[in-house]
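Below: the structure, in structure tokens.
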Amino acid sequence: MVTWEQLQAMCGQCQKCSLADTRHNVVFGDGNPNADIMFVGEGPGEQEDLTGIPFVGAAGQLLDQMLAIIDLDRTQYYIVNIVKCRPPRNRDPQNIEQDACIPYLRAQVRLVRPKMIVCLGRIAAQRLIDPSYRITREHGQWVQKGQFWMTAIYHPSALLRDVNKRPETFDDLIGIREKIKELSPETYQEATAAKQS
Ligand code: URA
272 MVTWEQLQAM CGQCQKCSLA DTRHNVVFGD GNPNADIMFV GEGPGEQEDL TGIPFVGAAG
332 QLLDQMLAII DLDRTQYYIV NIVKCRPPRN RDPQNIEQDA CIPYLRAQVR LVRPKMIVCL
392 GRIAAQRLID PSYRITREHG QWVQKGQFWM TAIYHPSALL RDVNKRPETF DDLIGIREKI
452 KELSPETYQE ATAAKQS
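Read in order, the letters of the sequence shown are residues 272 to 468 in the working numbering.
Quick look at the structure:
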């Protein structure tokens, strides 16, 4: 199995799809590499491309605020994207780009070995849970796939565009907290203790 260092070096040099031509940085991943919970977005935006860190732009700031509601910060989870390089003008990553990049994500999942994977938005849910996944109907539902429990919530960019989706997402966040309590009591306790200190 590759090490983190080898994997990061491979991603840094990757030329497997045309997104490599326009990227400023490969956005590898961020957070706790030993976490029990992993969040998976779609692909880097402008700020992420410039900094090399996932979810640092407007959508990322909203995500941080959402996860703070359930006392989670990046010391308790790992966060990645389906593709590691920015699609031009923030278009959806094409299948050919996802296919090229997904082996890196799978290697990260093997290294982190999370118990729970939360997809952020339709693209990640259709790639990781089910190609016919309907985010409007199925968000917040948990399914077991192999050794992982998986769910999806609306992408924070969708919540920036449509505030009416936020109450449903609040319920989904509470569901995530319950799943963490059930499957990773250590993470739950850490999160609660960090809030009180
Ligand atoms: N949107 C994503 O899907 N990922 C990021 O890293 C930033 C915005």
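Using N, Cα and C, we set each Cβ at its ideal position, and we do this for glycine too.
Taking a cut-off of 7 Å from the heavy atoms of the ligand URA, the residues with a C-beta inside it are Val298, Gly312, Glu313, Gly314, Pro315, Gly316, Glu319, Pro325, Phe326, Gly328, Ala330, Gly331, Asn352, Leu391, Gly392, His426 and Ser428. Counting only residues of its own chain and dropping the five nearest sequence neighbours on each side, Ile373 has a CB closer than 8 Å to the CB of Ile353 and Arg398. Put simply, the region 392-410 does not touch the region 330-348. Fewer than three CB pairs are less than 8 Å apart. Asn296 and Asn361 have their C-alpha atoms some 15 Å from each other. When only Cα atoms are considered, Leu454 and Arg381 end up about 18 Å apart. When the alpha-carbon of Gln336 is set against those of Glu368, Val311, Gln369 and Thr440, the nearest one is in Thr440.
Cys390 is bridged by DSSP to Val311 and Ala423. Leaving aside the five residues that flank Val414 on each side, the residues in its chain whose CB is nearer than 6 Å to its CB run, in chain order, Met421. The closest CA to that of Asn305, considering only Tyr349, His426 and Asp443, is found on Tyr349. The beta carbon of Val383 sits closer than 8 Å to the beta carbons of Pro304, Asn305, Ala306, Met309 and Tyr349 from its chain, once the five residues preceding and following it are set aside; these are given in chain order. Here Lys416 carries a strand assignment [DSSP, helix/strand/coil].
Counted as a single uninterrupted DSSP element, the alpha helix (DSSP H) harbouring Asn366 occupies residues Asn366 to Val383. Residue nearest to Leu338 within the set Gly446, Glu457, Gln467 and Ser468 is Gly446 (criterion: CA-CA distance). Contact check for Ile341 against Leu431 fails: the beta carbons are separated by 8 Å or more.
The three-state secondary structure of Asn435, taken from DSSP, is helix. Beta-bridge annotation (DSSP): Asp301 is paired with Ile350.
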